[in-house]
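Remarks on the structure that follows.
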Amino acid sequence: MTEQDSVLSHWPDAKRLAEQAKCLADAPAYAVNAEKMRETLDYFETKCIRSKRSLEEAAKYIPGGIQHNLAFNHPFPLSIAKADGPYLWDTDGNRYTDFLQGGGPSVLGHNYAPVREKVMEVLQECGPATGLFHEYEWKLAELIHRYMPSVEMFRMLGSGTEACMAAVRAARNFTGKKKIIKVGAAYHGWSDSLVFGTRIPGTGSFEAAGIPDEALAHTQEIYPNDIDGENGLHALLDRNQRAGGTAAVLLEPIGPESGTRPVDRDFNARARALCDEFGALLVFDEVVTGFRLGLGGAQAYFDVRPDLTVFGKCVAGGYPAAGGVGGRADVMSTFSAGIGSGQSRTLVGGTLSANPMSAAAGYYALLEMERTGAPEKAARAADRLGTKILAVLDELDAPFFFYNHGSIIHLETHGVLLLDMTDPDFFQKVSQRKKTAQEIGAAYTAEGLITVAGSRLYTSMADTDEVIDSAAERFARVLRCLEPVQ
Ligand SMILES: Cc1ncc(COP(=O)(O)O)c(C=O)c1O
Numbered sequence: 001m002t003e004q005d006s007v008l009s010h011w012p013d014a015k016r017l018a019e020q021a022k023c024l025a026d027a028p029a030y031a032v033n034a035e036k037m038r039e040t041l042d043y044f045e046t047k048c049i050r051s052k053r054s055l056e057e058a059a060k061y062i063p064g065g066i067q068h069n070l071a072f073n074h075p076f077p078l079s080i081a082k083a084d085g086p087y088l089w090d091t092d093g094n095r096y097t098d099f100l101q102g103g104g105p106s107v108l109g110h111n112y113a114p115v116r117e118k119v120m121e122v123l124q125e126c127g128p129a130t131g132l133f134h135e136y137e138w139k140l141a142e143l144i145h146r147y148m149p150s151v152e153m154f155r156m157l158g159s160g161t162e163a164c165m166a167a168v169r170a171a172r173n174f175t176g177k178k179k180i181i182k183v184g185a186a187y188h189g190w191s192d193s194l195v196f197g198t199r200i201p202g203t204g205s206f207e208a209a210g211i212p213d214e215a216l217a218h219t220q221e222i223y224p225n226d227i228d229g230e231n232g233l234h235a236l237l238d239r240n241q242r243a244g245g246t247a248a249v250l251l252e253p254i255g256p257e258s259g260t261r262p263v264d265r266d267f268n269a270r271a272r273a274l275c276d277e278f279g280a281l282l283v284f285d286e287v288v289t290g291f292r293l294g295l296g297g298a299q300a301y302f303d304v305r306p307d308l309t310v311f312g313k314c315v316a317g318g319y320p321a322a323g324g325v326g327g328r329a330d331v332m333s334t335f336s337a338g339i340g341s342g343q344s345r346t347l348v349g350g351t352l353s354a355n356p357m358s359a360a361a362g363y364y365a366l367l368e369m370e371r372t373g374a375p376e377k378a379a380r381a382a383d384r385l386g387t388k389i390l391a392v393l394d395e396l397d398a399p400f401f402f403y404n405h406g407s408i409i410h411l412e413t414h415g416v417l418l419l420d421m422t423d424p425d426f427f428q429k430v431s432q433r434k435k436t437a438q439e440i441g442a443a444y445t446a447e448g449l450i451t452v453a454g455s456r457l458y459t460s461m462a463d464t465d466e467v468i469d470s471a472a473e474r475f476a477r478v479l480r481c482l483e484p485v486q
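In the working numbering, the protein residues as written are 1 to 486.
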């Protein structure tokens with residue numbers, strides 16, 4: 001696959017976006033004005049009665065009442081009863097246009113019938129798991145190899161977190177080196193060695209409560225896009241070389257946190273060249289981009305061949321147990337090595353990993369995405385939303401901005417993830433903007449729009465022009481009610 005085949009209509013200018021991010025971070029926080037907030041809270045109190053009641057009960061038995069990091073808590077989370085195409089319905093019967101899409105896995109739209117029917121067939125035949133091999137495992141592995149030739153072999157696991165863990169372990173085992181370099185702000189799941197510099201660059205072990213320093217001793221972060229700086233990728237690889245070496249450079253290829261801090265067009269190719277120079281493996285975390293940016297993933301768009309690729313979300317077609325790692329046969333073979341092979345084994349596992357249901361769901365979802373052109377359709381829906389929202393932002397005298405990498409959209413108004421760790425008021429700003437982010441998210445919800453944390457959106461094939469145009473009008477109603485906090 002080449003860039004021409006990609007679903008991205010353009011690559012947003014990373015430097016311009018970094019300037020816009022700085023403007024938003026330096027400006028006063030924007031919040032929903034008092035009248036719109038009253039309307040929003042009234043919506044929740046009068047229209048979401050059953051959600052409120054069930055969440056109050058849930059909080060007695062579930063910490064915080066919710067188990068999904070991407071769920072909105074303000075004023076209380078919704079209890080969802082039904083999902084279909086672009087829509088969700090809560091238990092009170094309210095309908096929402098859903099731009100969370102399960103956190104990214106459903107490019108075909110919610111509860112897509114042709115995949116569901118195949119999954120039901122598998123469940124009828126052999127239930128969800130037997131613990132033994134099923135033909136869908138190789139069918140899925142072979143299909144992924146067809147779309148992404150760098151994935152010579154594939155090992156299916158239970159989640160993106162597990163897959164990142166497996167990639168790190170395999171890289172260390174294969175290279176005999178310890179250091180892992182990641183990009184600040186990137187989220188690679190919640191395993192001990194990767195909760196480092198998450199969400200905001202430079203935050204190091206800030207979120208690593210409960211993780212001993214020793215577990216993070218060999219994890220390092222660079223600032224997004226920093227190849228040539230004093231502490232950039234080149235310098236770090238060079239320093240590590242004199243202290244045992246770097247096992248892997250782990251990257252989200254569109255930029256950390258799903259492109260919240262986008263990379264320069266040549267960043268991945270330069271990272272590839274440096275990995276070759278210093279004998280480190282290049283690992284692409286395509287948990288979000290894998291198949292959403294096109295069936296060849298971000299690696300096809302950038303025409304960069306990683307040594308390993310990490311999968312999640314789409315790889316099981318929106319069904320549970322979504323994870324896997326794939327790549328060079330020599331590195332991947334360590335997963336099956338062990339006594340007698342002359343090579344030490346990279347131990348991974350999972351009782352319910354690579355079960356027939358998840359493998360079949362992934363296999364049929366990917367085939368359907370190819371047949372229907374779903375990644376392309378989802379990306380065009382995002383472009384359409386962009387055209388409409390940018391026209392509204394043009395009318396407003398506010399530092400908000402919108403961009404999309406195919407069907408991964410950023411609509412930045414609260415900018416909590418764009419704050420600068422070195423700002424002396426960082427902590428005060430984070431807590432203020434977390435609050436405004438929650439209020440903005442609540443105002444979108446009351447307009448019938450579900451987003452990821454009030455700033456990120458995933459579109460799907462189910463987002464027709466009509467769905468997008470209606471959503472754009474509702475986004476505009478909220479955007480026009482945002483005012484600087486005095
Ligand atoms: C880029 C990236 N890597 C890894 C993960 C972890 O995947 P999972 O939630 O399946 O453990 C995520 C989850 O959102 C992600 O966005």
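Cβ atoms here follow ideal geometry from the backbone N, Cα and C, with glycine treated the same way.
All values reported here derive from a predicted model rather than from experimental measurement.
query	result
Near residue 481, what residues of its chain come up, given a Cβ to Cβ distance below 8 Å and the 5 sequence neighbours on each side ignored?	32, 33, 35, 36 and 443
Is residue 332 closer than 8 Å to residue 326 when the C-beta atoms are compared?	yes
Given a threshold of 16 other Cβ atoms within 10 Å of its Cβ, counted over all protein chains shown, does residue 469 qualify as buried or as exposed?	exposed
Run through DSSP, which three-state label would residue 156 get?	strand
Tell me whether residue 161 counts as near ligand 1, meaning its Cβ is closer than 7 Å to at least one heavy atom of that ligand.	yes
Is the Cβ-Cβ distance between residue 410 and residue 474 less than 8 Å?	no
For residue 61, count the other beta carbons within 10 Å of its own beta carbon; 16 or more makes it buried, fewer makes it exposed. Which is it?	exposed
Can you tell me where the beta strand (DSSP E) with residue 324 in it begins and where it stops?	323 to 327
Which residues in the same chain as residue 349 place their Cβ atom closer than 8 Å to its Cβ, once the five residues preceding and following it in sequence are excluded?	none
Does the stretch 130 to 146 touch the stretch 360 to 370, meaning 3 or more C-beta pairs lie closer than 8 Å?	yes
Let's see if you can read the secondary structure: which residues bound the alpha helix (DSSP H) around residue 440?	426 to 446
Determine the DSSP secondary structure at residue 95, reduced to helix, strand or coil.	strand
Would you decide whether residue 220 is buried or exposed? Buried here means 16 or more other CB atoms lie within 10 Å of its CB.	buried
Cα separation between residue 235 and residue 181?	12 Å
Runs of 3 residues minimum, wholly inside the stretch 4 to 75: which ones carry the beta strand (DSSP E) assignment?	30 to 32
Where does residue 256 fall in DSSP's three states?	helix
Helix or strand or just coil, what does DSSP make of residue 173?	helix
Quick check: is any heavy atom of ligand 1 less than 7 Å from the C-beta of residue 557?	This structure does not reach residue 557, given that the chain is present from 1 up to 486, and the question cannot be answered.
To the nearest whole angstrom, what separates the beta carbons of residue 91 and residue 79, a pair I think is in contact under 8 Å?	5 Å
Less than 8 Å between the CB atoms is what I'm expecting for residue 273 and residue 249, so what's the real figure, rounded?	With 8 Å as the limit, residue 273 and residue 249 do not qualify as a contact, their Cβ atoms being about 11 Å apart.
Please determine whether the Cβ atom of residue 455 lies at a distance below 7 Å from any heavy atom of ligand 1.	no
In the DSSP assignment, what are the bridge partners of residue 261?	Its beta-bridge partners do not exist; DSSP assigns none.
Looking only at its own chain, which residues have a Cβ that is under 6 Å from the Cβ of residue 258, when we skip the five neighbours before and after it?	288 and 408
Leaving aside the five residues before and after residue 152 along the sequence, list all residues of the same chain whose C-beta is less than 8 Å from its C-beta, in chain order.	145, 326, 327, 328, 329 and 332
Under the criterion of a Cβ to heavy atom distance below 7 Å, does residue 164 qualify as lining ligand 1?	yes
When burial is assigned at 16 or more other CB atoms within 10 Å of the CB, is residue 162 buried or exposed?	buried
Might you give, ordered along the chain, the residues of its own chain that have their beta carbon closer than 6 Å to the beta carbon of residue 147, omitting 5 neighbours on each side?	295 and 296
With respect to the alpha helix (DSSP H) encompassing residue 138, which residues constitute its N-terminal and C-terminal limits?	135 to 147
Report the start-end ranges of each beta strand (DSSP E) in the stretch 354 to 427 that is 3 residues or longer and not cut off at the edges.	401 to 405 and 408 to 412
Spatial neighbours of residue 16 within its chain, please: C-beta separation below 6 Å, excluding the five flanking residues on both sides.	none
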